[in-house]
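What follows is a short report on a single structure.
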Amino acid sequence: ARAALDLAQERMPTEGATDEERLSRVAVELGRVGTDEAIDRLRRPPRTSPLGELARSVRRPEVGLATVLRPAAPWSVDLPARAADGDDARVGLGWGHRRLSLPHRALAALERLGGAAPAGVAVAELPGLDDRERLVLARRLLDEGALELVPPPPPPGP
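In structure tokens, the structure reads:
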């Protein structure tokens with residue numbers, strides 16, 4: 088409730104308003120977005136600038152089927168409330184303060200990546216997708232910051 092009140096004060100002028108008027112504004116705001124969503128919004132960091140995302144994409148290394156990736160941070164995969172097997176079914180991927188909605192057919196690949204040891208998983212080993220889909224998923228998750236490259240092992244010494 089306190090978070091919702093803070094949110095309402097940030098978004099709506101409350102100078103000169105009584106506590107009852109402020110609470111009424113909070114109730115209206117919560118009715119519009121829902122309590123959980125309002126609290127979620129407060130906890131999210133500010134969005135990155137589009138230029139920062141573009142720069143990250145430009146600097147992205149080449150990703151191929153032999154590229155080895157691992158999660159950059161722990162994540163969770165959320166199934167839809169109603170399991171649907173159609174093409175429009177989605178799964179949620181969450182890590183840190185980020186969330187992505189991805190096609191349900193990526194579920195097995197997400198589970199494989201999420202359970203990857205520090206050694207990581209080669210893009211070619213991602214189950215349930217064809218090679219093009221594997222590359223698209225790997226690039227997207229790398230661009231979004233959900234995955235990181237596993238550095239190649241050092242060359243054998245003399």
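In short: position in the sequence shown from 1, add 87, done, that's my numbering. Backbone N, C-alpha and C define an ideal beta-carbon position, used for all residues, glycine too.
Where residue i and residue j are concerned, what is the direct C-alpha to C-alpha distance, given to the nearest angstrom?
| i | j | result |
| --- | --- | --- |
| alanine 168 | threonine 154 | Low confidence applies to alanine 168: its pLDDT is 49, below 50, so where it sits in the model is not reliable, and the reading given next is rough at best. Those two C-alpha atoms are separated by around 33 Å. |
| serine 188 | aspartate 106 | 39 Å |
| glutamate 235 | leucine 156 | 6 Å |
| aspartate 218 | leucine 152 | 7 Å |
| proline 79 | proline 239 | Here the chain covers residues 88 to 245 and nothing more, so residue 79 does not appear. |
| arginine 112 | valine 208 | 50 Å |
| leucine 222 | proline 243 | 29 Å |
| histidine 184 | alanine 114 | 25 Å |
| arginine 227 | proline 241 | 27 Å |
Relative to the ligand PLP, is the shortest distance from any of its heavy atoms to the C-beta of residue i smaller than 6 Å?
| i | result |
| --- | --- |
| alanine 176 | The ligand PLP is absent from the structure shown, which contains no ligands of any kind. |
Could you pull out every residue in the same chain whose Cβ sits closer than 8 Å to the Cβ of residue i, ignoring the five residues on either side in sequence?
| i | result |
| --- | --- |
| alanine 193 | Val178, Gly215, Leu216, Glu220 and Leu224 |
| leucine 39 | The structure shown does not extend to residue 39, since the chain spans only 88 to 245, so no value can be given for it. |
| arginine 186 | Gly179 and Leu180 |
Could you check which residue in the options has the C-alpha nearest to that of residue i?
| i | options | result |
| --- | --- | --- |
| valine 237 | Leu200, Ala196 and Pro205 | Pro205 |
| alanine 196 | Glu212, Ser111 and Val115 | Glu212 |
| arginine 199 | His184, Arg227, Val164 and Arg185 | Val164 |
Return the bridge partner residues of residue i from the DSSP annotation.
| i | result |
| --- | --- |
| alanine 209 | Val155 |
| valine 164 | Leu180 |
| leucine 189 | Val178 |
| glutamate 198 | The partner list for glutamate 198 (beta bridge, DSSP) is empty, contrary to what the question assumes. |
| histidine 235 | Going by the sequence as given, residue 235 is glutamate instead of histidine. DSSP, once it has assigned bridges, lists Arg157 as partnering glutamate 235. |
Skipping 5 residues on each side, what residues in its chain have a beta carbon closer than 7 Å to that of residue i?
| i | result |
| --- | --- |
| tryptophan 162 | Leu180, Gly181, Trp182, Gly201 and Ala233 |
| alanine 159 | Gly232, Ala233, Leu234 and Glu235 |
| leucine 110 | none |
Using a Cβ-Cβ cut-off of 6 Å (strictly less than) and excluding sequence neighbours within five positions of residue i, which residues of its own chain qualify?
| i | result |
| --- | --- |
| valine 210 | Leu152, Thr154, Arg221 and Ala225 |
| alanine 203 | Arg157 |
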